[in-house]
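Chemist: Oh and the sequence shown: position 142 is 602 in our numbering, straight run, nothing missing.
Can you keep this structure in mind? I'll have questions shortly.
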Amino acid sequence: MKERMDGMSAMGKAVKILTPMMRGQTLYDAAKVRASADVMIAHAGETMTRLFPEGTGAKLSSALPTVWEDWDGFTELAKKLKSYAEGMKLGADNGLAENAVQQGSSMMGGTASASMGGGMMGAEQAMTPEMLASMPVDMAFTAVVQTCSACHQKFRAEEK
461 MKERMDGMSA MGKAVKILTP MMRGQTLYDA AKVRASADVM IAHAGETMTR
511 LFPEGTGAKL SSALPTVWED WDGFTELAKK LKSYAEGMKL GADNGLAENA
561 VQQGSSMMGG TASASMGGGM MGAEQAMTPE MLASMPVDMA FTAVVQTCSA
611 CHQKFRAEEK
């Protein structure tokens, strides 16, 4: 259980490093984006799901029984997280959407919101790393944090 808690903590720290950067509050650094994405890639997907064997939802864990009751849903979110983090890493040199607009480039042939096709979590088909790599990196970051949030909402107990 310690290994999975350490992995979740590492991913949380990576998000905290990137959040002010994605909001334009700190200087954009593609190397930090790649490093943070690597942390997420290392702890997501199959690496994450193997750390949740049946019966490990003890008192010390924040994992809800829904992890095992909806194993397919849990594993799907873990896979999406890895995929979206891979896309964020691949697109790190794209910079932020605000910068793309300021430079007069339309990386996706339309506005960012129009290209997303609505809410990502409600999309019928998951975005591939290659799709995300062609977008401003903050869009990939949004996919990552929405996936984290969706997983926490369904599979993690509220912290007291």
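All C-beta atoms in this analysis are idealised placements derived from N, C-alpha and C, irrespective of residue type, glycine included.
The structure displayed is predicted, hence computed values, not measured ones.
Spatial neighbours of Met-500 within its chain, please: C-beta separation below 7 angstroms, excluding the five flanking residues on both sides.
Modeler: Closer than 7 angstroms at Cβ, skipping near neighbours: Met-471, Ala-474, Leu-541, Ala-545, Val-604.
Chemist: Measure the C-alpha to C-alpha separation of Gly-484 and Asp-532 and round it to an integer number of angstroms.
Modeler: 36 angstroms
Chemist: On the criterion of 16 or more Cβ atoms from any shown chain inside 10 Å, does Leu-520 qualify as buried, or is it exposed?
Modeler: exposed
Chemist: Express the C-alpha separation of Ser-594 and Val-493 in angstroms, rounding to a whole number.
Modeler: 15 angstroms
Chemist: Please name the residue in Asp-466, Phe-601, Met-587 whose C-alpha comes closest to that of Ser-522.
Modeler: Asp-466
Chemist: What's the C-alpha gap between Arg-464 and Glu-558?
Modeler: 35 angstroms
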